[in-house]
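Peer 1:
In the numbering used here, the protein residues as written are 432 to 541.
#1: Taking 8 angstroms as the threshold (C-beta atoms), are residue 467 and residue 527 in contact?
#2: How would you write the range of the beta strand (DSSP E) that residue 475 sits in, first residue to last?
#3: Would residue 524 be called buried (16 or more neighbouring beta carbons within 10 Å of its own) or exposed?
#4: Which word fits residue 444, buried or exposed, when buried means at least 16 other C-beta atoms lie within 10 angstroms of its C-beta?
#5: Could you check what DSSP says for residue 518 in three-state terms: helix, strand or coil?
#6: Check the DSSP bridge columns for residue 490 and list the partner residues they point to.
#7: Can the beta-carbon of residue 498 be found less than 8 angstroms from the beta-carbon of residue 520?
#8: Regarding residue 443 and the ligand PLP, is the C-beta to nearest heavy atom distance less than 7 angstroms?
#9: Leaving out the 5 sequence neighbours to the left and right, which residues in its chain are closer than 7 angstroms to residue 469 when beta-carbon positions are compared?
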């Protein structure tokens with residue numbers, strides 16, 4: 432995880448992220464977030480690949496919105512900071528992945 436913390440951020444912020452966040456490892460094919468899930472954290476991808484998509488139940492299909500790359504967060508997870516904390520999308524691990532789960536309350540403090 433140390434390579435994740437070589438981001439161009441203040442050292443104090445990186446240390447706080449490291450101390451107050453949790454990591455989660457998932458295997459390829461794991462549904463990380465489902466539409467309607469309560470989002471108490473902002474997941475940032477340390478390694479792997481995550482596909483973010485919307486399900487169109489009327490047409491019985493999935494619409495890929497984008498892929499989250501290493502050292503990125505899903506932009507839709509940020510939207511939950513300002514709303515009802517419910518996910519509006521699905522997130523699926525396309526490869527074995529490792530995520531950093533940053534508590535939303537910490538994000539709100541920053």
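Glycine is no exception: its CB is placed at the ideal position from the N, C-alpha and C atoms.
Peer 2: Walking through what the data contain:
#1: no
#2: 472-478
#3: buried
#4: exposed
#5: coil
#6: Looking at the DSSP assignment, residue 490 forms no beta bridge with any residue, so it has no partner.
#7: Not in contact: residue 498 and residue 520 (Cβ atoms no closer than 8 angstroms).
#8: This structure simply doesn't include the ligand PLP, nor any ligand for that matter.
#9: 516 and 517
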